[in-house]
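Student:
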Amino acid sequence: MDAVLAQYGWMLDAPLDELMARARELRDAGTHGTRLVTFSPKVFLPLTRLCRDTCGYCTFAQPPRPGRRAYMTIEEVLQVARLGAAAGCTEALFTLGDKPEERWPQAAAELADMGYDSTLSYVEAAAEAVLRETGLLPHINAGVMGEEGFRRLKRVSASQGLMLESTSPALLRPGGAHEGCPDKEPGARLAAVEAAGRAGVPFTSGILVGIGDSRPDRLHGLACLHALHQRYGHIQELIIQNFVPKPSTAMAAAAPPPLQELLWAVAAARIMFGPHVAIQAPPNLTPLEAAAAAASPSAAAGAAAADVAALQSSWRALIDAGISDWGGISPITRDFVNPEKPWPHLGPLASATAAAGKLLHPRLPTYPPYLGLRGPHPSSPASSSSSSSSSSSAPPASSATSSASAPSPWLDFAGGRASVGAAVLRAADSQGLGRGSEWVAGAQEGGPPEAGAEGAEGEACGGTEASPERRTGGSVGSAGGESSGSGAVQQPRQQEPSSSSGSSSGSSSGAVEAVPAVAAVATGAAGGGGGGGGGRGRSVLLPLPPRADSAWRVAVGADGALEGVEGPADPSPHVVRLLEGVLEGGRPLQRGEVEGLLRARGADQRAVLRAADELRRRVCGDSVSYVVNRNINYTNVCTYKCSFCAFSKGPAAEALRGPAYLLPPGEVARRAAEAWDRGATEVCMQGGIHPSFTGATYLQLLSAAKEGAPGIHVHAFSPLEVSHGAATLGISVERFLERLAAAGLGSLPGTAAEVLHDDVRSVLCPDKLRTREWLEVVTAAHRVGLRTTSTLMFGHVEEGPAAWAAHLGALRGLQQQAERGAAGGAAGGVGLTEFVPLPFVHMESPVYLQGRSRRGPSLSECLLLHAVSRLALHPHVTNIQASWVKMGPARAASLLAAGCNDMGGSIMNESITKAAGASHGQELPPPAMEAIIRTAGRTPRQRTTLYGTPPASQTERSFGAAPLAPVVLGPPR
1 MDAVLAQYGW MLDAPLDELM ARARELRDAG THGTRLVTFS PKVFLPLTRL CRDTCGYCTF
61 AQPPRPGRRA YMTIEEVLQV ARLGAAAGCT EALFTLGDKP EERWPQAAAE LADMGYDSTL
121 SYVEAAAEAV LRETGLLPHI NAGVMGEEGF RRLKRVSASQ GLMLESTSPA LLRPGGAHEG
181 CPDKEPGARL AAVEAAGRAG VPFTSGILVG IGDSRPDRLH GLACLHALHQ RYGHIQELII
241 QNFVPKPSTA MAAAAPPPLQ ELLWAVAAAR IMFGPHVAIQ APPNLTPLEA AAAAASPSAA
301 AGAAAADVAA LQSSWRALID AGISDWGGIS PITRDFVNPE KPWPHLGPLA SATAAAGKLL
361 HPRLPTYPPY LGLRGPHPSS PASSSSSSSS SSSAPPASSA TSSASAPSPW LDFAGGRASV
421 GAAVLRAADS QGLGRGSEWV AGAQEGGPPE AGAEGAEGEA CGGTEASPER RTGGSVGSAG
481 GESSGSGAVQ QPRQQEPSSS SGSSSGSSSG AVEAVPAVAA VATGAAGGGG GGGGGRGRSV
541 LLPLPPRADS AWRVAVGADG ALEGVEGPAD PSPHVVRLLE GVLEGGRPLQ RGEVEGLLRA
601 RGADQRAVLR AADELRRRVC GDSVSYVVNR NINYTNVCTY KCSFCAFSKG PAAEALRGPA
661 YLLPPGEVAR RAAEAWDRGA TEVCMQGGIH PSFTGATYLQ LLSAAKEGAP GIHVHAFSPL
721 EVSHGAATLG ISVERFLERL AAAGLGSLPG TAAEVLHDDV RSVLCPDKLR TREWLEVVTA
781 AHRVGLRTTS TLMFGHVEEG PAAWAAHLGA LRGLQQQAER GAAGGAAGGV GLTEFVPLPF
841 VHMESPVYLQ GRSRRGPSLS ECLLLHAVSR LALHPHVTNI QASWVKMGPA RAASLLAAGC
901 NDMGGSIMNE SITKAAGASH GQELPPPAME AIIRTAGRTP RQRTTLYGTP PASQTERSFG
961 AAPLAPVVLG PPR
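Counting in UniProt numbering, the sequence shown runs from 1 upward without gaps.
#1: Any idea what DSSP makes of E18, helix, strand or coil?
#2: With H, G and I counted as helix, E and B as strand and the rest as coil, what does DSSP make of A23?
#3: Taking just the CA atoms, how far does S214 sit from A6?
#4: May I have the straight-line CA-CA distance separating A195 from P41, to the nearest angstrom?
#5: If R943 and T949 are in contact, beta carbons under 8 Å, what's the gap, nearest whole angstrom?
#6: Kindly confirm or deny that the segment 572-588 and the segment 797-805 touch, where touching means at least three C-beta pairs closer than 8 Å.
#7: Hey, would you say T791 sits closer than 8 Å to A753, going by beta carbons?
#8: By DSSP, does E340 sit in helix, in strand, or in coil?
#9: Who are the Cβ neighbours of G356 in its own chain at under 6 Å, not counting the five residues just before and after it?
#10: If you draw a straight line from the C-alpha of E776 to the C-alpha of G687, how long is it?
#11: Find out if the Cβ-Cβ distance for the pair A673, A709 is shorter than 8 Å.
#12: Looking at S166 and L228, is the spacing between their C-beta atoms short of 8 Å?
#13: In this structure, what does DSSP give as the bridge partners for M793?
#14: Counting Cβ pairs, one atom from each stretch, are 3 or more of them under 8 Å apart for the segment 366-373 and the segment 121-129?
#15: I need the straight-line Cα distance from G960 to L808, nearest angstrom please.
#16: For M908, count the other beta carbons within 10 Å of its own beta carbon; 16 or more makes it buried, fewer makes it exposed. Which is it?
#17: May I have the straight-line CA-CA distance separating R435 from I240, to the nearest angstrom?
#18: Cβ atoms of L871 and A612: under 8 Å apart, would you say?
#19: With a Cβ-Cβ cutoff of 8 Å, do V554 and T353 count as a contact?
#20: To which residues of the same chain is A569 closer than 7 Å at the C-beta, ignoring the five residues directly before and after it?
#21: Tell me whether residue 974 is buried or exposed, calling it buried when 16 or more other Cβ atoms sit within 10 Å of its Cβ.
#22: Can you pull the DSSP bridge partners for C642?
#23: Out of K706, D13, D17 and T59, state which residue places its alpha-carbon closest to the alpha-carbon of T249.
#24: Assign A696 to buried or exposed, taking buried as 16 or more other Cβ atoms, counted over all protein chains shown, within 10 Å of its Cβ.
#25: List, from N- to C-terminal side, the beta strand (DSSP E) runs of 3 residues or more that fit wholly inside the segment 675-750.
#26: Whose CA, out of E563, L597, E566 and A558, lies closest to the CA of V576?
#27: In its own chain, which residues sit with a C-beta less than 6 Å from the C-beta of P492, not counting the 5 before and 5 after it?
#28: Would DSSP call V628 helix, strand or coil?
#29: Assign W326 to one of three DSSP states: helix, strand, or coil.
#30: Is the Cβ-Cβ distance between V565 and L360 less than 8 Å?
#31: Pull up the DSSP beta-bridge partners for D902, would you.
#32: What ranges does the beta strand (DSSP E) occupy inside the segment 568-634, keeping only unbroken runs of at least 3 residues that lie completely in it?
#33: Rounded to whole angstroms, what is the Cα-Cα separation between D117 and G143?
#34: Pull the bridge partners of G141 from the DSSP assignment, please.
#35: If you drop the 5 nearest sequence neighbours on each side, which residues of the same chain put their C-beta closer than 6 Å to that of V582?
#36: Report the option in G725, L864 and P875 whose CA atom is closest to the CA atom of E819.
Printed below as a string of structure tokens:
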């Protein structure tokens, strides 16, 4: 204690307002300008309420009752979890008493009847069932245990937790809150927290305020947790929970702590742990200000308007004290630990959060830094700052055993796509927060209605109709007119764990329809199921059915914000300054500023989209260009091992995704000739790195295309192919490019870029060009006068904003170098013709099917990346392209209001994205393309590859083209 007070004792008597100011400054330093305060949409699963401890304040623990089961059956657990999945929840919170079988013979007997030797074994089985059947992510509070127990549960959980509560020895003495509670001995609890650290478990802990502890006790408890976190880096969140007296307990007459004590503890925790550990305070337990408490007899969130206003004032104070998270909130189940304190509705909580300038947003049980997303991480949870520090280093590698190919050592990826690690990635967005949307790149358009969209069933989670501004995403126009879908974790395709909750586009009405089944179990009308043990009667633990008038669903809209609730109405001043700098002053955005804009949500995101649209209008006008072209993918045989690629064929993939092939030169010539006859001005040629290919092969393919259509522009050969061709000929890349240009090559596709950061590339394409090598090839192309496109494939394994900002910065530097060369009289032209963001299509991608990637970007992320690209690359790259092949034609058109001025090619054949599972790609002919552009309120313009005007004869042909002849595939050789 003396050492703790020597370091932190200054906080004991410091003015509260000064502590709070320091705490919120630290908190804001760790949020990267996102203004988020998070919560976890959950169901509460009290697997058993038997416990061997008898805490003086607890009503959760209950003794056995005749005719009542000691444990929820697994079928009961699944029924509740399915309701949660239908409501957009992502967390299944398992809470239970400590080792009840060691005190209660009934518990041991029931476990034996079900075939389990311990409560630990049973919670492991129940969590596995929830994960497998519903996709909800288990967070398990299983009590005090050793490292082996934490490792067992890590296999089936996204996170685990154990409250320290207090290190005060006085609480164990007669009359103390923890008298007769062996599992509340501080040494035992700290040993358990340390064991979780050794097991590499993303962990939640915290303290209770007001159970007989003092401020020095709280500092000591926090300092003990801080020391463990510094060693293991595993504490992702701290709960600062205030004591609430309950009738019929030993502490029923004890006074609850005032709000000021809770605020002090929150601020002290934030100052001690720094900016990157979440600090949480449960909103249903929040005490009122003293004056409000005296005037109001009720503090329930659903009470009178005066009570709600008083609660909102207290919530605002907690935000001002440094919290960053509200914890788990459920639309389905009550708080079984504090049943007299109902969860607040999200509407009032979001309003209070917005009043503090913050945006309420859903998260997962696993916090973002523990997902193992790749790239230049802006921050990490691993080493918490001291009271004078506001930064931290990367998290240490978990000591838990983990596959070398696992994305994160903090999660279990054994079992591939059936693992809990894969489930977490499926539920995550590119920042590691809750995806909250079922839209995916490449999916068929016109599917089931999305939550929040016109005609969608269900109710916005705020309980009231969202305003038109909120639903449409401001003045973005067609870019934001629909919500992006629900937050339930859909299990894509039949290979994924099944879900009994139905389609994720279901609504709160679906949850209500499911209530009778739960009610039947609750009244004993249905069988026990699941865990066996029939005949013991129903479980006393089953949650009450939700009321129809209180149902809400969690869905994240096209502006990246929670649907149906209030957020800050205006963009943050920092975002406004950045946007004004670009629009009015031509100020280039720095990499950190680009990253910040890529994290924008709500009003900030809407402002970014408006600014990008305005900049597009100033630079490009209202015309939208497209090129009539044909893709010729001459082989799908490839010696490289890109983990994302569903197109390539190697020796181990002969039976996958169609036959291996190699086009003969005659077929290449025929396709080029047919494309020209149908009005094309471009053929785009790329393929796998066939083991027989040399530089001469590429020259032969180029010759074949020019033989078939002498006037056509050949846009061909990725930087990887160029590098390979040069190496096989034993000449420099620049010399090989000169030979290609002399043979008729018109330009290069800037593909094989994926993400220009080597940490990401080490997962996606470990044997491919490194970032520096890719940039060198493209730079060489510019030097010899060949222009190139540029691309970014996003939404897979990367920490999005940080990796995307690095990528955009690299492209900007590349183009600036090309411009300097042109100004100095070098042979090169002006470098990049356009930038094309390519959303990752996940459905058949190997890295996704192995459970090691996300499901592509969300719609919000697609909108935002295109918009920020316009701003970040200005004025050097003036054309931003929307990929209708990846997005779908209608969604691509929505990007025209987010900074895009080009729709790419009509693409007579496309096979790479189709191989990944996309529904689009087999030609969007000019009449259809122009209709889509006009529907978006813009003027279509047919162009050439280099953005010139095509011959009138070709344009005329393109509008009256004959059907394509069948393609011919040659043997792979």
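Each residue gets a CB set at the ideal place from its N, CA and C atoms; glycine is no exception.
Tutor: According to the structure data:
#1: In this structure, DSSP gives E18 a helical state, which the three-state scheme calls helix.
#2: helix
#3: Approximately 16 Å between the Cα atoms of the pair.
#4: 28 Å
#5: 7 Å
#6: Contact between the segment 572-588 and the segment 797-805 is absent, because fewer than three Cβ pairs lie under 8 Å.
#7: yes
#8: coil
#9: It is Ala, not Gly, that sits at residue 356 in the sequence shown. Within the same chain, A356 has close Cβ partners R316 and I319.
#10: Their backbone Cα atoms lie some 21 Å apart in a straight line.
#11: yes
#12: Their beta carbons are not under 8 Å apart, which means L228 does not touch S166 by this criterion.
#13: L838
#14: no
#15: 39 Å
#16: buried
#17: 27 Å
#18: Their beta carbons are under 8 Å apart, which means A612 touches L871 by this criterion.
#19: Against a cut-off of 8 Å, the Cβ pair of T353 and V554 comes out as no contact.
#20: A603
#21: Missing from the structure shown is residue 974; the chain here goes from 1 to 973 and no further.
#22: For C642, which the question treats as bridged, DSSP gives no partner whatsoever.
#23: Among K706, D13, D17 and T59, the Cα nearest to that of T249 belongs to T59.
#24: exposed
#25: 682-686, 713-716 and 745-748
#26: Ranking the options by Cα distance to V576, first place goes to L597.
#27: With a pLDDT of 28 at P492, under the threshold of 50, the predicted position of this residue should be treated as unreliable, though the coordinate-derived value follows. There are no such residues.
#28: coil
#29: strand
#30: yes
#31: S625 and Q881
#32: You should have 623-627 and 629-633.
#33: 17 Å
#34: The question names Gly, but residue 141 in the sequence shown is Asn. T95.
#35: L871
#36: P875
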